[in-house]
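Everything in the sequence shown is counted per the working numbering, starting at 1477 for the first residue and increasing by one.
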Amino acid sequence: MTTARPTALVTGASAGIGAAFAELLAQEGHDLILVARRAERLNELAERLTKQHGATCTVLTADLTDPGAPDELMASIRERGLTVDVLINNAGMSGSSAFADTPWSELAGEIQLMITAVTQLAHLVVPDMLARGHGRIINLSSLAAFAPPGESLLYTGIKTYVLGMSQALDMELKPHGVHVTALCPGFTHSEFHDVMGTREAASHLPSIMWQRPEAVAREGWTAVNRGKPVCVPGMFNKVASHAMRPVPFRAQYVLGRNLNPFKN
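Next up, the structure:
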């Protein structure tokens, strides 16, 4: 008798941490739903993961800056008879120009991609996870969530939201077998800085501050399976996160879970 392979939905899967998660989950026996804007890159990744790891890969192109994209994406998944056992909310971006000089359409896209779509996709997959009594969700936050806000940037505030939202969902869902982890990497070798136009500035940072996407994915996957609501990968980042926040995030989690006057 064969057991069906679990299925993981990975957004932003065409490169960087998203591609690293896809590789890791394929190695660990998952089928994959690979989502990004670049179909060619996704198809190349899908072909390789099928050949190397026997994973069945479904490629779905989507622009998650579009408010209608999460519902359309889940409709496509259901039409194919697929269920989502693991959600990796990885797709992201960051503005690099002054707030006042940035068209609202770009700012709205940033908020849609990294706040609304992240939250909506979790909301769409959670009911089935609860019905099965098992599920894993990793939301990509950032070391920036522990840092003071950066001038002109929405990124720090957005990632702080993802950090808090993930912990709140984990408090609610963990008793029912669904683990949620906010993964908070620091500087990671990927295309992110090339796309955002910050590669030159990033290249001057010391090597100790950088991680490979494969290491970030591995540590995040271990954390969510162990039920850790927050994962800061890499020793440098762990030290930095504690230095930037006076109250450790574990203590914040316990306080938030036990001292919430609005809890049902």
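Even for Gly, the Cβ is constructed at its ideal location relative to N, Cα and C.
Everything numeric in this text was worked out from a predicted model, so none of it was measured.
Cutoff 8 Å: residue i Cβ touching any chain B Cβ
i: residue 1543; result: Annotation note: the requested chain B is absent from the structure, which comprises a single protein chain.
CA nearest to the CA of residue i, picked from the options
i: residue 1713; options: 1661, 1656, 1727, 1621; result: 1661
i: residue 1606; options: 1572, 1723, 1560, 1625; result: 1560
i: residue 1482; options: 1489, 1498, 1508; result: 1508
i: residue 1643; options: 1535, 1513, 1726; result: 1726
i: residue 1564; options: 1717, 1527, 1615; result: 1615
i: residue 1504; options: 1704, 1531, 1707, 1588; result: 1531
i: residue 1539; options: 1496, 1488, 1526, 1705; result: 1488
i: residue 1636; options: 1659, 1543, 1506; result: 1659
i: residue 1692; options: 1500, 1480, 1484, 1655; result: 1500
i: residue 1629; options: 1721, 1554, 1502, 1587; result: 1587
i: residue 1741; options: 1631, 1572, 1732, 1562; result: Outside the shown range of the chain (1477 to 1740) lies residue 1741, about which nothing can therefore be said.
i: residue 1496; options: 1516, 1513, 1514, 1521; result: 1521
i: residue 1627; options: 1545, 1619, 1571; result: 1571
i: residue 1536; options: 1516, 1583, 1524; result: 1516
i: residue 1619; options: 1632, 1611, 1612; result: 1632
Where residue i sits in the DSSP three-state scheme
i: residue 1703; result: coil
i: residue 1612; result: strand
i: residue 1602; result: helix
i: residue 1623; result: coil
i: residue 1538; result: coil
i: residue 1673; result: With a pLDDT of 48 at residue 1673, under the threshold of 50, the modelled position of this residue cannot be trusted; read the value that follows with caution. The answer is coil: DSSP assigns residue 1673 none of H, G, I, E or B.
i: residue 1723; result: coil
i: residue 1512; result: strand
Outcome for residue i when other beta-carbon atoms lying within 10 angstroms are tallied against a minimum of 16
i: residue 1491; result: buried
i: residue 1701; result: exposed
i: residue 1698; result: exposed
i: residue 1528; result: exposed
i: residue 1577; result: exposed
i: residue 1675; result: Summary for residue 1675: the model assigns pLDDT 47, below 50, so the residue's position carries little reliability, and this model does not support an answer.
i: residue 1480; result: exposed
i: residue 1734; result: exposed
i: residue 1581; result: exposed
i: residue 1545; result: buried
i: residue 1573; result: exposed
i: residue 1705; result: buried
Residues that residue i bridges to, as DSSP identifies them
i: residue 1507; result: 1483
i: residue 1655; result: 1612
i: residue 1565; result: 1615
i: residue 1686; result: 1663
Closer than 8 Å is the cut-off here; do at least three beta carbon pairs connect the stretch 1549-1567 with the stretch 1589-1600? Result yes; three or more Cβ-Cβ pairs closer than 8 Å.
Would you check if there are 3 or more beta carbon pairs closer than 8 Å linking the stretch 1705-1722 to the stretch 1682-1694? yes
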